[in-house]
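Mapped onto the numbering used here, the consecutive letters of the sequence shown carry residue numbers 513 to 789.
Down below is the structure, laid out as structure tokens.
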Amino acid sequence: MADNHNLLAEQRRSLILDEVRRRGGVRVGELTRRLRVSDMTVRRDLDVLARRGALEKVHGGAVPVAEASAHEPGFEVKSSLEAGAKEEIARAAARLAGPGSAVALSGGTTTYQLARQLLDVPDLTVVTNSVRVADVFHSAGPAPGDPHTAHGATVVLTGGVRTPSDSLVGPVADAAIRSLHFDVLFLGVHGIAPHAGLSTPNLAEAETNRRFVGSARRVVVVADHTKWGTVGLSSFARLSDVDTLVTDGGLSDATRAEMAEHLPGVLVAGEEADRSA
Numbered sequence: 513m514a515d516n517h518n519l520l521a522e523q524r525r526s527l528i529l530d531e532v533r534r535r536g537g538v539r540v541g542e543l544t545r546r547l548r549v550s551d552m553t554v555r556r557d558l559d560v561l562a563r564r565g566a567l568e569k570v571h572g573g574a575v576p577v578a579e580a581s582a583h584e585p586g587f588e589v590k591s592s593l594e595a596g597a598k599e600e601i602a603r604a605a606a607r608l609a610g611p612g613s614a615v616a617l618s619g620g621t622t623t624y625q626l627a628r629q630l631l632d633v634p635d636l637t638v639v640t641n642s643v644r645v646a647d648v649f650h651s652a653g654p655a656p657g658d659p660h661t662a663h664g665a666t667v668v669l670t671g672g673v674r675t676p677s678d679s680l681v682g683p684v685a686d687a688a689i690r691s692l693h694f695d696v697l698f699l700g701v702h703g704i705a706p707h708a709g710l711s712t713p714n715l716a717e718a719e720t721n722r723r724f725v726g727s728a729r730r731v732v733v734v735a736d737h738t739k740w741g742t743v744g745l746s747s748f749a750r751l752s753d754v755d756t757l758v759t760d761g762g763l764s765d766a767t768r769a770e771m772a773e774h775l776p777g778v779l780v781a782g783e784e785a786d787r788s789a
């Protein structure tokens, strides 16, 4: 029985590792449902795999072991990180989108939260390379009396090759974006730093984001405080290309001073209300 138990455990861990590598990360809850085992069993398997150096444990799940600059976690894993901060950022950023404007939303979990807030902004034209963002508008249903628009917004989803974070990138996406012009781009980033600018671990995504920046009259970066100082494999824009950074209040005084030095505009979610009071 002991041998059979060990064999089953190794089979289970092999499945876990395959899922982590395929999706760029998994959450404990997903594994318990998929494998039909307890939360404790999954966590024990993750501990074993982490000790072997096969994966890296993160809060609520696991991601592949990779160089930090080249590693791209999957959408579900990233969604669990700084979730409250992302919701605050989304609410603050949504106020920057005027009724009837043409907006672009890049891929990412913060822009996904922002899409939910934009459902209340009338007559938007939304261009996105995020499957998840497009689904937000699609799931909300068509606008009353107009079956061709989603909840009052006309949504254009670029084509392209899908990344672990459910963004569409590559030549097809780049060509679509190149021919368009946006009033405002809401841009999610992997990292933002004074010396590296805006960066991502995905080379193709870097080029697609570069096209987004070049097509926008105003660039608004939505990024929680943990993104400051992070550098991905490929830079795609300078900090001088950013009009406004919308972030959360988990910033040190030193980081705030550094942001003020390098960025023309910084909006801290939750604090803008205090200034207007």
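Just so you know, even glycine gets a beta-carbon here, dropped at the ideal spot from N, CA and C.
Note that this is a predicted model, so its numbers are computed, not measured.
| Asked | Found |
| --- | --- |
| Proximity below 7 Å, CB of residue 681 to CB of residue 720 | yes |
| At least 3 beta-carbon pairs within less than 8 Å: the stretch 700–711 vs the stretch 669–676 | no |
| Counterpart residues of residue 539 in DSSP-defined beta bridges | 573 |
| Residue 735 (DSSP reduced to helix, strand or coil) | coil |
| Three-state secondary structure assigned by DSSP to residue 567 | strand |
| Minimum C-alpha distance to residue 778 - residue among 746, 749, 740 | 740 |
| N-terminal and C-terminal residue of the alpha helix (DSSP H) that residue 710 is part of | No alpha helix (DSSP H) contains residue 710, which is instead part of the beta strand (DSSP E) from 709–712. |
| Rounded C-alpha distance that separates residue 561 from residue 525 | 7 Å |
| Sequence-distant residues of its chain with Cβ nearer than 7 Å to residue 645 (five each side left out) | 617, 623, 624, 627 |
| Boundaries of the beta strand (DSSP E) in which residue 698 is found, first to last residue | 696–700 |
| Nearest neighbour of residue 748, chosen from 528, 728, 522, 701 [CA to CA] | 701 |
| Beta carbon of residue 684 nearer than 7 Å to that of residue 665 | no |
| Contacts around residue 729, its chain only, beta-carbon distance under 6 Å, and the 5 residues preceding and following it disregarded | 695 |
| Residues sharing a beta bridge with residue 703, DSSP | 711 |
| Residue 642 in three-state terms, based on DSSP | strand |
| Inter-residue spacing [alpha-carbon to alpha-carbon] between residue 775 and residue 550 | 47 Å |
| Residue 674, DSSP secondary structure in three states | strand |
| Nearest-angstrom Cα separation, counted from residue 725 out to residue 733 | 10 Å |
| Contact set for residue 727: own chain, Cβ-Cβ below 8 Å, skip 5 residues either direction | 616, 689, 690, 692, 693, 694, 697 |
| Whole-angstrom distance between residue 556 and residue 533, CA atom to CA atom | 19 Å |
| Contacting residues, own chain, Cβ-Cβ under 6 Å from residue 566 (five flanking each side not counted) | 529 |
| Under the three-state DSSP convention, the category residue 637 falls into | strand |
| C-beta atoms of residue 759 and residue 735 nearer than 7 Å | yes |
| CA nearest to the CA of residue 597, picked from 770, 762, 783, 768 | 762 |
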